[in-house]
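See structure below.
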Amino acid sequence: MSLSIKSSDECRWDIASLGEVMLRLDPGEGRIHTSRSFHVWEGGGEYNVARGLRRCFRMRGAVVTAICDNPVGRLLEDCMLQGGLDLDYVQWKKFDGIGRDCRVGLNFTERGYGVRAAVGCSDRGLSAASQMKPGDVDWDALFGRDGVRWFHTGGIFAGLSETTSKVVLEAVKAARKYGTVVSYDLNYRPSLWKSIGGQERAREVNRAIAPYVDVMIGNEEDFQASLGLEIEGATEDFAHIDQNAYQRMIRKAVQEFGFNAAATTLRVARTATFNDWAAMLYYEDAFYDSISLPDLEIMDRVGGGDSFASGLIYGFLSGKGPQYAVNCGCAHGALAMTTPGDTSTASLAEVEKVMKGGTARVDR
């Protein structure tokens with residue numbers, strides 16, 4: 085089934101995202117446990133997607149989240165203002181003085197190099213976003229009064245608390261009511277779910293949300309861990325997957341949940357620094373393989389999947405078709421991993437150059 089996307093004339097926003105935005109503390113080339121200084125970025129799985137659409141692809145966008153109203157929260161706001169998304173739907177929550185009831189989530193992330201894998205350590209308990217609950221957001225105002233062409237959220241926000249999964253369900257149902265396309269990135273994180281029921285709980289939550297999703301996004305582990313869809317012959321580390329088995333799994337997901345489209349990144353991490361990188365899209369009963377970037381050299385892998393989603397969504401919003409969309413996502417994700425931080429610094433011209441097989445010769 086084809087996606088039915090509203091025209092830009094009838095909507096205030098091309099993209100709106102729902103999710104937690106955290107401060108990322110980056111030790112650069114060092115380690116978290118030995119660093120004495122950190123570079124500060126903003127980031128969050130769902131937020132990164134909308135930010136990429138705004139900064140790289142010049143789409144109009146808004147973010148829905150909650151932030152603790154203290155100096156740390158205002159630092160986060162300052163970072164977000166540079167990202168360019170509208171903050172009308174950000175809820176500012178009262179600070180209790182020490183963070184007993186409300187705080188800003190922190191994400192310490194080191195980049196990895198060679199045989200040393202990237203490492204992430206989140207410190208996000210009791211964050212304002214994790215305490216969002218149904219009824220907090222006026223979805224009729226966002227989707228009805230303002231109008232949104234595409235809405236994006238995901239499994240990270242859904243897994244933050246018992247209430248955030250309910251907020252996601254409320255949001256996707258409202259988006260459907262107003263004819264807004266819904267995309268969802270499964271983004272399975274074992275550390276997020278391990279203390280609240282593990283994979284079993286992740287599957288319960290994500291399977292309840294899945295029927296309201298038009299475009300499901302995730303890698304091979306996401307589909308298996310979050311939706312319970314097994315891939316025949318997959319190794320424990322997913323390093324070797326038969327393409328036909330992968331396609332059968334995607335078809336099963338589409339048939340079971342009624343997705344209009346499903347997309348996945350295809351990554352083989354040979355080292356933390358060199359990955360094989362590609363993607364695949366299922367749309368209108370056909371598979372579309374992206375450009376392939378073997379031995380992609382990586383500076384910072386965090387956010388590559390989010391930037392893939394940005395490029396994919398841009399392809400559909402701009403009406404350029406599924407093959408362009410999956411190639412655009414692949415190229416944008418690759419470029420995002422060549423710079424530090426969660427979010428993309430690429431331009432559309434740079435993305436399309438990679439899509440066309442352009443080289444890394446200096447541009448003057």
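Residue numbers (my numbering): 85 to 448.
Backbone N, C-alpha and C define an ideal beta-carbon position, used for all residues, glycine too.
Whether residue i touches residue j by CB criterion (8 Å)
i: M106; j: G136; result: no
i: Y296; j: L226; result: no
i: L190; j: L109; result: yes
i: L87; j: N290; result: no
i: V299; j: M364; result: no
i: A286; j: G238; result: no
i: V188; j: G209; result: no
i: E314; j: D326; result: no
i: A255; j: L102; result: yes
i: D98; j: S92; result: yes
i: A150; j: A212; result: yes
i: W234; j: L401; result: yes
i: A134; j: L160; result: no
i: T264; j: V232; result: yes
i: T427; j: G387; result: yes
i: G228; j: Y262; result: yes
i: M383; j: R115; result: no
i: I240; j: E113; result: no
i: A346; j: A337; result: yes
i: D230; j: R335; result: no
Where residue i sits in the DSSP three-state scheme
i: G484; result: Residue numbering for the chain in the displayed model covers 85 to 448; residue 484 lies beyond these limits and cannot be assessed.
i: S214; result: helix
i: D224; result: helix
i: P378; result: strand
i: F235; result: strand
i: I315; result: coil
i: N303; result: coil
i: R158; result: helix
i: I99; result: strand
i: L253; result: helix
i: E284; result: helix
i: A415; result: helix
i: T247; result: helix
i: N359; result: strand
i: I182; result: coil
i: S275; result: helix
i: Y173; result: coil
i: A420; result: helix
i: F192; result: strand
Environment of residue i [buried if 16+ CB atoms lie within 10 Å]
i: Q308; result: buried
i: E94; result: exposed
i: N328; result: exposed
i: C205; result: exposed
i: T118; result: exposed
i: K177; result: buried
i: P111; result: buried
i: H123; result: exposed
i: A370; result: exposed
i: R138; result: buried
i: G403; result: exposed
i: D162; result: exposed
i: D180; result: exposed
i: M333; result: buried
Reference residue i; option with closest CA among the options
i: K440; options: Y372, T427, A415 and S92; result: A415
i: Q535; options: G189, R184 and C140; result: As shown, the chain starts at 85 and ends at 448. That puts residue 535 outside it, with no answer to give.
i: E509; options: A100, D98, L311 and N328; result: Here the chain covers residues 85 to 448 and nothing more, so residue 509 does not appear.
i: T349; options: K336, G282, E368 and R385; result: R385
i: Y367; options: V148, I301 and C163; result: I301
i: N154; options: Q175, S275, I240 and I382; result: Q175
i: S279; options: R142, W361, E246 and K250; result: E246
i: W125; options: Q283, R184 and M164; result: M164
i: Y398; options: R260, M143 and D306; result: M143
i: L396; options: R273, Q283, Y268 and M333; result: Y268
i: R351; options: A430, L380 and R273; result: L380
i: R260; options: W277, S249, W223 and E284; result: W223
i: W361; options: G405, K404 and G413; result: G413
i: V251; options: R96, F179, R332 and V148; result: V148
i: F462; options: E304, R332, S121 and Y330; result: This structure cannot speak to residue 462, because the chain is shown only from 85 to 448.
i: N303; options: E288, S249, Q331 and V266; result: Q331
i: L171; options: A100, D180 and N359; result: A100
i: E104; options: G183, I89 and H236; result: H236
Contact test: residue i Cβ vs the ligand ATP heavy atom, cutoff 7 Å
i: P295; result: This structure simply doesn't include the ligand ATP, nor any ligand for that matter.
Contact between the region 418 to 428 and the region 390 to 399 (3+ Cβ pairs under 8 Å): The region 418 to 428 makes contact with the region 390 to 399: 3 or more CB pairs, one atom from each, lie closer than 8 Å.
Three CB pairs or more closer than 8 Å across the region 347 to 357 and the region 191 to 206: The count of Cβ pairs closer than 8 Å, one atom from the region 347 to 357 and one from the region 191 to 206, reaches three, so the stretches are in contact.
Three-pair Cβ contact test at 8 Å for the region 213 to 221 versus the region 371 to 378: Taking 8 Å as the limit for Cβ pairs, the verdict is that the region 371 to 378 does not touch the region 213 to 221.
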